[in-house]
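Written below as structure tokens is the structure these notes are about.
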Ligand SMILES: *Cc1c(COP(=O)(O)O)cnc(C)c1O
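In this note's numbering, the protein residues as written are 947 to 1316.
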């Protein structure tokens, strides 16, 4: 270890996008391990984006550092797609280089310098803990129940503990990755009664699939923030665009702590284009949801495989032991399907119908051959 580095970084495991990648990257593999949409942007939209680059983006100039046009488009989309009647204003939006950047800004704004710790219930999205550790922020980890809900007794003990660094942020995913379950009424009620000196961060990365959102709460809760991304349903993972929705006071702080030109001009243009053409892009969602239900029904029929219903574009499944589960992941990779082994189970992204057919056929051949 280099002697000038912080000693705690030696213990940190970096995020590995494809930990299971064996040998050379192979484009023929079905990539069902990162929950992206299986469909690229339609070619005519790529052409529009190329036109924008050619005629409207000055490569020698810094991009719009305020993200004005993009924030207006996002606020309109969030308002229109909300399941309750809400009116979201551009002043309630902050845009990040992926929602990962926003997670880091939230950590900087709340916990840095020994001021607080974060609470996560595992298994969940790994970036909260990884980013906290890069900043030297302690992570309180609690368990989940059999149905993957937060263990509220442990959660309560963690937020009321007086012995450790106080919890300043509770991170939850709605619906959770990798397990696919949305927050229950009981969990939401627990989050609502948290005191105003604890920030509640609700990651709705899979909102377009689940159609469940807590965005209506933002109007009357100064300690809530909702995170969304263009990386999943909007097919823009390559462009790295995420956004936060919160009251203007919190948004102003996120704007203060971020890097000045955090979002490249092409990414801003791509996100705006996706919103303009949202009806077309989101047309694939009903098909993906039908495919998820078909996969769920078929996987449920297989011997020994356990799984839970999912509100997102992936399914979480596992075998009796972790060793068997990880071995199934390995066997599938040999057969040409990449899925993610995480939290002791397998997270299988819903792909195209052909990819899903191959996944089913490969999993059932493995389970029936033993
Ligand atoms: C995929 C995902 C994201 C997206 O992160 P980006 O940095 O916007 O690509 C955020 N949160 C969760 C829970 C996810 O699964």
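Where is the CB? At the ideal position from N, CA and C, for every residue including glycine.
It should be emphasised that the depicted structure is a prediction, and the values quoted were computed from it without experimental measurement.
Rounded to whole angstroms, the Cβ separation of residue 1062 and residue 1105 is 11 Å, and the two are not in contact under 8 Å. Uninterrupted beta strand (DSSP E) stretches at least 3 residues long and entirely within the region 1003–1046 occur at 1039–1043, given in chain order.
Between ligand 1 and residue 1094, a heavy atom-to-CB distance of less than 7 Å is absent. The continuous alpha helix (DSSP H) containing residue 1242 extends over residues 1230–1246. Runs of the beta strand (DSSP E) lying entirely within the region 1108–1138 and spanning at least 3 residues, in chain order: 1113–1119. In the three-state reduction of the DSSP assignment, residue 1250 falls in the coil class.
About 6 Å separates the CB atoms of residue 1275 and residue 1292; that is less than 8 Å, so the two are in contact. One residue after another in chain order, those with a Cβ under 5 Å from a heavy atom of ligand 1 are 1044, 1045, 1046, 1071, 1119, 1123, 1149, 1151, 1175, 1177 and 1188. Your pair residue 1251 and residue 1313 checks out as a contact, with CB atoms roughly 6 Å apart and the cut at 8 Å.
Collapsing the DSSP output to three states places residue 989 in a helix. A Cβ-Cβ distance of about 6 Å is found for the pair residue 1173 and residue 1147, placing them in contact under the 8 Å criterion. Minimum Cα-Cα distance from residue 1195 among the listed residues 1177, 1272 and 1052 corresponds to 1052. Within its own chain, no residue has a Cβ closer than 6 Å to the Cβ of residue 1202 once the five positions on either side in sequence are excluded.
By alpha-carbon distance to residue 1067, the top candidate from 1127, 1232, 1048 and 998 is 1127. The three-state reading of DSSP puts residue 1083 in coil, since its state is none of H, G, I, E or B. The beta carbon of residue 1219 is closer than 8 Å to those of 991, 994, 995 and 998 in its chain, skipping five residues each way along the sequence. Our two residues, residue 1088 and residue 1281, have alpha carbons roughly 36 Å apart in a direct line. Among the bridge pairs identified by DSSP, residue 1064 is matched with 1085 and 1115. Per DSSP, reduced to three states, the secondary structure at residue 1070 is coil, with no helix or strand assignment. The criterion of a C-beta distance shorter than 8 Å is satisfied by residue 1178 and residue 981.
Between residue 1040 and residue 1190, the C-beta gap is smaller than 8 Å, which places the two residues in contact. In the three-state reduction of the DSSP assignment, residue 1263 falls in the strand class. Within a 10 Å sphere around the beta-carbon of residue 1038 sit 16 or more other beta-carbons, which makes this residue buried. With respect to residue 978, residue 1284 sits close: the two C-beta atoms are nearer than 8 Å. The Cβ neighbour count for residue 1056, taken over all protein chains shown within 10 Å, is at least 16; the residue is labelled buried. Under DSSP, residue 1295 shares a beta bridge with 1260.
Taking all protein chains shown into account, residue 1302 has 16 or more neighbouring C-beta atoms within 10 Å of its C-beta and is therefore buried. Collapsing the DSSP output to three states places residue 1278 in a helix. Between residue 1151 and the set 987, 1175, 1143 and 1144, the nearest pair of CA atoms involves 1175.
By the CB criterion at 8 Å, residue 1144 and residue 1122 fall outside the cutoff. Here residue 1241 is buried: its Cβ has 16 or more other Cβ atoms, across all protein chains shown, within 10 Å.
With respect to residue 1185, residue 1211 sits apart: the two C-beta atoms are not nearer than 8 Å.
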